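What follows is a single structure, written as structure tokens, with notes after it.
Numbering (full-length UniProt numbering), first residue to last: 1 to 292.
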């Protein structure tokens, strides 16, 4: 039986997640091996790499959806999650913003009961206020802008008062102004509540000023370090096994070579299916990943 994640009780002075000699593989395809990583309260960790490198799989391990093939993972039981956003996610005549946020309170169980309604309303109102979305909370989701919708998804993730906030491409489909607003919102939660952030993205530039460490995944290999340590010509060339050049142009990182367009330009991953469905990411060999 594959090793599974151990859910640790919440302790503000303890790491929120610790990978020890962790290995994750789908058949002959190894996403990472001998991964040792400790994430501390209040830390901002960016997870980078090309499509199919295992970024979303990394989040699913933290969520308990995937078990490791080897090693150990200990993770807090207080986790918030911001899923990927797609342009066709919402129906103009469907749920209100308040309803979406409410799923963060009771989406995992049937019914809330009369006694639970007051508590639910308090949690939803508090989360809406925290992200500044109270004014449009009762509007249909489909009539809101992409930035407003994503602000509501952040609110949904905060209803559980997370010690660890997992963000899966939260900036996709957003213009630069709204990217900045959403990153500021997430970082404000980190600063005010000492919440650790794990931020999966193709685009490091919008989050570069906030990032403490980078986990870079590619071809079954990885590097961990500060952006200045990882995002270098020498480090990425070593990871890719070919010449890669990292340039700074007007304060932005540009990567040339390796696998083009993996984080220097905005690219959306293939759609993310439920945990029980097949892996939407491309694979190196002919096998399909049955768990992503």
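Ideal Cβ positions, reconstructed from N, Cα and C, are used throughout, including at glycine.
Predicted, not measured: the structure shown is a model, and the values here were computed from it.
Per-residue DSSP class, three states only, for residue i
i, result
"residue 70", "strand"
"residue 257", "strand"
"residue 188", "helix"
"residue 21", "strand"
"residue 245", "strand"
"residue 207", "helix"
"residue 226", "coil"
"residue 308", "Since the first and last residues shown for the chain are 1 and 292, residue 308 lies out of range."
"residue 169", "coil"
"residue 178", "helix"
"residue 238", "helix"
"residue 134", "helix"
"residue 118", "helix"
Closest by C-alpha distance to residue i, when choosing among the options
i, options, result
"residue 183", "16, 161, 241 and 206", "206"
"residue 171", "79, 139, 199 and 242", "199"
"residue 226", "189, 45, 177 and 255", "45"
"residue 244", "251, 250 and 255", "255"
"residue 30", "57, 224 and 14", "57"
"residue 28", "229, 220, 236 and 209", "220"
"residue 153", "142, 190, 97 and 126", "97"
Beta-bridge partners of residue i, as assigned by DSSP
i, result
"residue 213", "45"
"residue 221", "218"
"residue 140", "96"
"residue 198", "45 and 166"
"residue 252", "249"
"residue 29", "26"
"residue 37", "19"
6 Å Cβ shell around residue i - same chain, five flanking residues per side excluded
i, result
"residue 70", "23"
"residue 179", "171 and 206"
Close beta carbons around residue i, own chain, < 7 Å, minus the five adjacent residues each side
i, result
"residue 41", "12, 16, 163, 194 and 196"
"residue 55", "47, 49, 200 and 217"
"residue 160", "78, 80 and 104"
"residue 236", "244, 246, 255 and 258"
8 Å contact criterion, which residue i and residue j should meet: CB distance rounded
i, j, result
"residue 73", "residue 19", "5 Å"
Any non-hydrogen atom of the ligand GDP within 6 Å of residue i CB
i, result
"residue 18", "For the ligand GDP, the structure offers nothing, since it holds no ligand at all."
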